[in-house]
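The opening position of the sequence shown corresponds to residue 374 in this note's numbering, with each subsequent residue numbered one higher. Here's the structure, in structure tokens; my notes come after.
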Amino acid sequence: MHRILICIAIAVALTLGSTHVNAQTLTPGFLEYEGEQIYYEVTGTGPPVILSHGLGGNHAIWYQQVPALSQDYQVITWDQRGFGRSTNTGGNASPMTAVRDLKALMDHLKIEKAHLVGQSMGGWAVMGFALEMPQRVISLTLADTIGGIYTREIEELFDAFIQKAMRSLPPDKLPITQHPAVGRRISETDPAKAFLYKQIGSMAPPPPSNMGLLLRQTVYDPGRILALRLPVLFIVGEQDEIFPQAAIREAARQVRDAQVRLIPDTGHSPYFESPEEWNDIVLGFLKKHTKEDE
């Protein structure tokens, strides 16, 4: 299974081309924690950057970020419980177990502080961790996610999407180049890449069926969020229908001094759809706040 994922990532990377050679090596591993096996990969050296995937992904979904970020950073990708190669034998995967798993992973890798990046569902993990252990966070990037931040406006927008999704076909019943997490442009102009998104997500057992409900029910305390003293960046795709611009900007207003960056002509997954622009934005943010943390 893992070999297949690696082969797909390599094939696409070769197709897209590269302007330079990355000589970094990748080290895979498993963390045994609370009776589960948590899979992770470490690439590169430097200040740690931990990438937490969304509901439709796993560690392999970051194949366009790892080569770019690992030039200057130690990049850690991992699978949340029940995703990719991580187990969920206890059936208790949730946003809060992801917070605990993230802490255990940092402890296991002897990482004192890290830049945390969360895509969609991954935003709950990194925001929850930041609220519990802000002293171990250098910066926080919330990509197309509200990360457990709810106001009445956000609740209305998210509930409207949920109602629409319930009336729609599930992703595995849609045409092969369509997925709720991928924007129209890539589906129309790069159908092979849009199909790859679905394939990466399919190369593991289906994610926990109740995870969407758990995300809706996991609401972080507004006072604690406002009290955070961390650099926070929100990224949103212009055409994101899951967490639209209005929801992301409303979430950002609840966080002190948060920045918002919009990536044009992308849906819910700009990191996948427009990786060069996404990487440039994130690298600029990481570089600025790595220097400030030194």
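Where is the CB? At the ideal position from N, CA and C, for every residue including glycine.
Closest residue to residue i among the options (Cα-Cα distance)
| i | options | result |
| --- | --- | --- |
| P581 | Q444, V472, Q453 and F658 | Q453 |
| R458 | P421, G402 and L569 | G402 |
| P494 | T562, N431 and H488 | The sequence shown places Met at residue 494, rather than the Pro named in the question. Nearest option by C-alpha distance: N431. |
| Q492 | G463, W451, R557 and Y446 | W451 |
| P637 | G657, L659, D613 and F658 | D613 |
| E649 | P440, L603, I449 and S425 | P440 |
| A625 | K476, G464 and G521 | G521 |
| P507 | R634, P604 and Q627 | P604 |
| A620 | S443, E505 and Y523 | Y523 |
| K660 | L442, K483, A533 and L547 | L442 |
| E529 | E623, S425, G427 and H426 | E623 |
Proximity below 8 Å, CB of residue i to CB of residue j
| i | j | result |
| --- | --- | --- |
| F531 | R589 | yes |
| K566 | P544 | no |
| G455 | Y593 | no |
| F658 | L606 | yes |
| D474 | I527 | no |
| I535 | I434 | no |
| A516 | I608 | yes |
| I449 | K486 | no |
| R629 | L601 | yes |
| I317 | G556 | No information on residue 317 is available, as it lies outside the stretch 374 to 667 that the chain covers here. |
| A554 | H641 | yes |
| A466 | M584 | yes |
| H481 | L404 | yes |
| R634 | I615 | no |
| Q444 | N395 | yes |
| T591 | P468 | yes |
| Y413 | A477 | no |
6 Å Cβ shell around residue i - same chain, five flanking residues per side excluded
| i | result |
| --- | --- |
| A471 | Q453 and A498 |
| Q447 | G417, T418, G419 and P421 |
| Q632 | L606 |
| P643 | G610, I636 and W651 |
| M479 | none |
| L489 | I423, V499, V510 and L513 |
| Q618 | V609 |
| I549 | F568 |
| G429 | A554 and G574 |
| Q551 | S560 |
| S425 | G491, G495, A498 and V499 |
| P564 | T550 |
| G427 | Q492, S493, M494 and G495 |
Beta bridge counterpart(s) of residue i as assigned by DSSP
| i | result |
| --- | --- |
| T400 | V415 |
| A487 | V510 |
| P336 | The first residue shown for the chain is 374 and the last is 667, placing residue 336 beyond what the model contains. |
| A516 | Q492 and I608 |
| Q669 | Because residue 669 is not part of the residues shown, which for the chain are 374 to 667, the question remains open. |
Same chain, Cβ closer than 8 Å to residue i, five either side skipped, listed in chain order
| i | result |
| --- | --- |
| R376 | Below a pLDDT of 50, predicted positions are generally treated as unreliable, and R376, at 45, falls in that range; the measurement from the model is reported next regardless. Around R376: no qualifying Cβ. |
| T398 | T416 |
| N461 | E409, R454, G455 and P581 |
| Q627 | I522, T524, P595, I598 and L599 |
| T400 | E414, V415 and T416 |
| E505 | V472 and K476 |
Own chain, CB closer than 7 Å to residue i, minus 5 neighbours either side, in chain order
| i | result |
| --- | --- |
| S647 | I636 and T639 |
| I559 | K566, A567 and E646 |
| P579 | none |
| E561 | none |
| G463 | G408 and E409 |
| I484 | P421 |
Any chain B beta carbon closer than 8 Å to residue i
| i | result |
| --- | --- |
| L601 | Judged by its chain identifiers, the structure shown contains no chain B, having just a single protein chain. |
### Query
What runs of the beta strand (DSSP E), each 3 residues or longer, lie entirely inside the stretch 566-646?
Note on the stretch 566-646: whole beta strand (DSSP E) runs with a minimum of 3 residues are 605-610 and 632-636, in chain order.
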